[in-house]
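Engineer: In the numbering used here, the protein residues as written are 4 to 373. From the three backbone atoms N, C-alpha and C, an ideal C-beta is built for every residue, glycine too. The structure displayed is predicted, hence computed values, not measured ones. Below are the structure tokens for one structure; questions will follow.
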Amino acid sequence: MASGQADVIVIGAGVFGLHTALEVRKTGRSVLVLEAAGEIGAGASGGIVGALAPHMPERWTPKKQFQLEALLTLGPLLQKIEAETGLTTGYGASGRITPLLNENMRDLARVRCADAALRWPKDKVMNVLPGDAWPRWLMPEAAPFGLVQDNLSARLYPKQTITALAAALQARGGVLRLNAPVSRVGSRGQVFLPGEDLSADHVVIANGVDGFELLRPHVGEVPGRGEKGQALLLDLDARDLPVIQGKGLYVVPHADGTTGVGSTSEREYEDGRTTDEQLDELHYTARTICPRLGRAGVLSRWAGVRPRANGRDPMIGPVPGAPRLHAMLGGFKIGFGVAHRCAQVVAAGIVEERSHPIPDSFQVSAHLGL
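In structure tokens, the structure reads:
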């Protein structure tokens, strides 16, 4: 391996890190993934919700175009990974329904339907339907002005997805080390662990919230923070039904016969790994939209801290002043939907040693000084 260790070291075995490592490995470069925890997806990537929903189609921007292309290519990519590994990711083109609570929401939904017809592929549509279009799933009383349905949205099971990604990486010769916490990175490919120094031609910081602190010495500030989320996994088989988005939450029917409900968004918290009464309140709210949830047993309660870059959008690409150091961070609430496209950009930049076009708001510099 180059530099005595690997051509590329990726820090973090979540969805951003694993996609990046896999894309790098496809180019023939050796890659080493370092994960601080004893398992992959120990942070936000190990969640149980997994909604893949597009940005709204009005006021189109490069960011929205990037996400659209990502959502359209994710399904085929995951299907290929499933075929290679024999593992499921739980991906499904489920679609999404959203209740409309007032006349203004209905009017806006109609405008968005027209915008979707202009921006999305012809086979991806958004329509306003009567509130009782899904009476056995979305309570009609919860949609007094109808509902909007699209067939671009999808879902996956986060933990299953990263398990399949890790298997695909290792099958291609990528190396994954657990219990390998990184304390510091240098600007010239150095990676420092307790009692061990490593080096590589390029280093990618993709370890979620902790990555912001690793970046701090190189950018002069902490360019992001963590926001806690809590979610439920219910024993409800609704695998053939669409995702529900409403009242600040998602109801996501999974392919394995469970249903994820989440998540809270908490900027202030004491313990990012414990659940509390806020999750109970979310569960109650979800039942007011979908009464079937009230008859389902709770299989598990989950809490984790999601990385949010200062500019909210993903923070990817070379770090200013340190071209061998790359960021793959952020992606707040959209990470699983765009991770593979972000990884392709970062991997191409590593291989070709030049910057590739991305939305301006994704640049590392866009998240500094805010």
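(1) Would you kindly check if the distance between the Cβ of E216 and the Cβ of R309 is under 8 Å?
(2) In the DSSP assignment, what residue or residues form a beta bridge with S303?
(3) Sort out for me which residues DSSP pairs K231 with in a bridge.
(4) Rounded to whole angstroms, what's the CA-CA distance from W137 to T164? Just pull it up for me.
(5) Please look up how many angstroms separate the CB atoms of L218 and I208, rounded, as I've assumed it's under 8 Å.
(6) Report yes or no: do the stretch 173-184 and the stretch 33-40 share at least 3 C-beta pairs separated by less than 8 Å?
(7) Beta strand (DSSP E) containing P147: first to last residue?
(8) Three-state secondary structure (DSSP) at V18?
(9) If we count the other Cβ atoms within 10 Å of its Cβ and call it buried at 16 or more, is V18 buried or exposed?
(10) For G49, tell me which candidate among P161, N182, E273, D283 has the shortest Cα-Cα distance.
(11) Between which two residues does the beta strand (DSSP E) holding L201 run?
(12) Taking only three categories from DSSP, how would you classify P79?
(13) What is the DSSP secondary structure of S6, counted as helix, strand or coil?
(14) Return helix, strand or coil for F365, following the three-state DSSP convention.
(15) How many whole angstroms separate the CB atoms of H329 and H205, which I take to be in contact at a CB cut-off of 8 Å?
Structural biologist: The structure says:
(1) Locating residue 309 in the sequence shown gives position 306, where the first residue counts as 1. Locating residue 216 in the sequence shown gives position 213, where the first residue counts as 1. No, they are not a contact pair.
(2) As a position in the sequence shown, residue 303 is number 300, starting the count at 1. The partner list for S303 (beta bridge, DSSP) reads L236.
(3) For this step, residue 231 is matched to residue 228 along the sequence shown. Its beta-bridge partners are E269, V308.
(4) If you number the sequence shown from 1, residue 137 lands on position 134. If you number the sequence shown from 1, residue 164 lands on position 161. Spanning the two alpha carbons is a distance of roughly 29 Å.
(5) Counting from one through the sequence shown, the residue named residue 218 turns up at place 215. Counting from one through the sequence shown, the residue named residue 208 turns up at place 205. Yes, they are in contact, since the Cβ atoms of L218 and I208 sit about 6 Å apart, within 8 Å.
(6) yes
(7) Translated into the one-based positions of the sequence shown, residue 147 becomes position 144. Neither: P147 is in no beta strand (DSSP E) and is coded neither H nor E.
(8) Within the sequence shown, numbered from 1, the residue matching residue 18 stands at position 15. Note: V18 maps to helix in three-state DSSP.
(9) Counting from one through the sequence shown, the residue named residue 18 turns up at place 15. Its Cβ being crowded by 16 or more others within 10 Å, V18 is buried.
(10) Mapped onto the sequence shown, residue 49 falls at position 46. Residue P161 is the option with its Cα nearest to G49.
(11) Looking up residue 201 in the sequence shown gives position 198. Run containing L201: 199-208, per the beta strand (DSSP E) assignment.
(12) Indexing the sequence shown from 1 puts residue 79 at position 76. Correct three-state label for P79: helix.
(13) Here residue 6 refers to the residue found at position 3 when the sequence shown is read from its first residue. Annotation note: pLDDT 40 at S6 (below 50); position unreliable, coordinate value reported separately. Helix.
(14) For this step, residue 365 is matched to residue 362 along the sequence shown. Helix.
(15) The count along the sequence shown starts at 1 and reaches residue 329 at position 326. The count along the sequence shown starts at 1 and reaches residue 205 at position 202. About 6 Å; that satisfies the 8 Å criterion.
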